[in-house]
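Line by line, the protein sequences give chains D and R. Using our numbering, the first residue of the first sequence is number 859, and each one after it goes up by one. Using our numbering, the first residue of the second sequence is number 5, and each one after it goes up by one. Note that CB positions come from ideal geometry on N, CA and C, so glycine has one too. Since this is a predicted model, take the numbers as computed values, not measurements.
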Amino acid sequence: MAEVIVVTSGKGGVGKTTTTANLGTGLSKLDKKVVLVDTDIGLRNLDVVLGLENRIVYNLVDVVDGNCKISQALIKDKKTDGLYLLPAAQTRDKDAVTPDQMRELVEELRKDFDYIILDCPAGIEQGFKNAIAAADRALVVTTPEVSAVRDADRIIGLLEANEIKNIRLIVNRLNVDMVKHGNMMTAEDVVEVLSIDLIGVVPYDEKIVVSTNTGTPLAGEDTLVGQSYMNICKRIMGEDVPFLNLEAKKGFFAKIGELFKG
Amino acid sequence: MRFIDLFRKKNTSEIAKDRLKMVLVSDRSAVNPEIMERIKNDIIQVLAKYVEIDQEGLDIKITQVDAEGEDRAKGSTVPALYANIPIKSMKQSN
């Protein structure tokens, strides 16, 4: 039975699209058949983060309007087997789709996939309403910053009001050094304030910028970020995976440096 | 707060957490103005059966008050309906 997951945040720029791309990559590396749906109509970006921007022919609005079949609009990822993208339309706006049409579309996709992951636009308007209409569960992405956490709280309230009961938190871009110096909230702080369960913490890493430069998600690679995403994927599948110690992996020279600092 | 804390500068992460907690209390208790207006009108209607109300001096709002019992120790607050309703005269009941 397919599961429909919406990735949402309220605030823009906290990493929804990057998270969606990496969870899709991770889950398909775990042998699941996954489709990522970009619901950010008018501001599509999931295609570039996945490196699939040159292969778009049809988009979500084309499917909803009946201009093509779903199978014609789906783009198969070349790098990861079992991963597909349904891109958003770039030249339309959020009102081009209704929550009912979204539900219908997702029902169609359920037949062919294990996971359907919906990349939600920022904000709480029509695009958000469309994206959550068909979701079974939600992943709320936030960074450990006041503005992002505040918006996450609002989103959690709206998800609950829409009867989405399975809501989990991803704390993104945690800067371990800043936390150590008391200049960034810990994941535990954020969990305490929002009082929802954590499903993963992703450390801040410049490699993410490099990965979006080239359109190659990091999930499954042998780095802390890659492992964090993979662990979230396993937790999505119901595995009980212990949380990574984000401080554990320090380079040799950093460790030597610390010895001299005392 | 412990005595020694007075001499320690707060980490900015603690400041962030405290500010967040404060702002979320008011976010979470925020009532839609339309609903507030309806609550107000309903209260007036009920009271008007028994007393004559000074509608000009009426003040009804939702505010935050210190929590009681266990939560009080944690310094948390809860939303409460605050109403100041001046009565012009009591209606005579027959």
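query: Which residues of chain A have a Cβ atom closer than 7 Å to the Cβ of Ala-20 (chain R), listed in chain order?
result: In the structure shown, chain A does not exist; the protein chains are D and R.
task: Note the first and the last residue of the continuous alpha helix (DSSP H) segment covering Ala-2 (chain R).
output: For chain R, the structure presents residues 5 to 98; residue 2 (chain R) sits outside this window and is missing.
- request: Locate the alpha helix (DSSP H) running through Val-1068 (chain D), then write down its first and last residues.
  value: 1065-1072
Rounded separation between Thr-897 (chain D) and Gly-1015 (chain D) - CA only: 21 Å
message: Going by DSSP in three states, Thr-878 (chain D) sits in which element: helix, strand or coil?
response: helix
task: Could you tell me whether any Cβ in chain D is nearer than 9 Å to the Cβ of Val-27 (chain R)?
output: yes
query: Roughly how many angstroms separate the alpha carbons of Leu-1082 (chain D) and Val-1034 (chain D), rounded to a whole number?
result: 12 Å
- request: Identify each residue in the region 30-63 of chain R for which the Cβ-Cβ distance to at least one residue of chain D is less than 9 Å, and report them in chain order.
  value: Asp-31 and Arg-32
query: Which residue's Cα is closest to the Cα of Glu-1021 (chain D): D:Val-922, D:Asn-1030, D:Ala-992 and D:Gly-871?
result: D:Ala-992
message: Considering just the uninterrupted stretch of the beta strand (DSSP E) at Gly-1058 (chain D), what are its terminal residues?
response: 1056-1061
task: Note down, in chain order, every chain R residue with its Cβ under 9 Å from the Cβ of Gly-1040 (chain D).
output: Lys-14, Asn-15, Thr-16, Ser-17 and Glu-18
query: For Lys-952 (chain D), which residues from the same chain have a beta carbon less than 8 Å from its beta carbon, with the 5 sequence-adjacent residues on both sides left out?
result: Ile-899, Gly-900, Pro-979, Glu-983, Gln-984, Gly-985 and Asn-988
task: Taking only the alpha-carbon atoms, compute the straight-line gap between His-1039 (chain D) and Glu-18 (chain R) and give it to the nearest angstrom.
output: 11 Å
message: Does the region 859-877 of chain D come into contact with the region 1003-1015 of chain D, if we say contact requires no fewer than three beta-carbon pairs (one atom in each stretch) closer than 8 Å?
response: yes
field: CA nearest to the CA of Ser-93 (chain R), picked from R:Leu-51, R:Ile-39 and R:Ile-43
entry: R:Leu-51
query: Start and end of the beta strand (DSSP E) containing Arg-995 (chain D)?
result: 995-1000
- request: State the DSSP-derived secondary structure class of Arg-902 (chain D), mapped to helix, strand or coil.
  value: coil
- prompt: Straight-line CA distance for Asp-970 (chain D) to Pro-1002 (chain D)?
  reply: 37 Å
- request: Could you tell me if Asn-1030 (chain D) is buried or exposed, where buried requires 16 or more neighbouring beta carbons within 10 angstroms of its beta carbon?
  value: buried
message: I'd like the ranges of any beta strand (DSSP E) spanning at least 3 consecutive residues and lying wholly in the region 901-956 of chain D.
response: 941-944
Chain-order list of residues whose beta-carbon lies under 6 Å from that of Val-1048 (chain D) (same chain, five-residue window excluded): Pro-1002, Val-1007 and Val-1029
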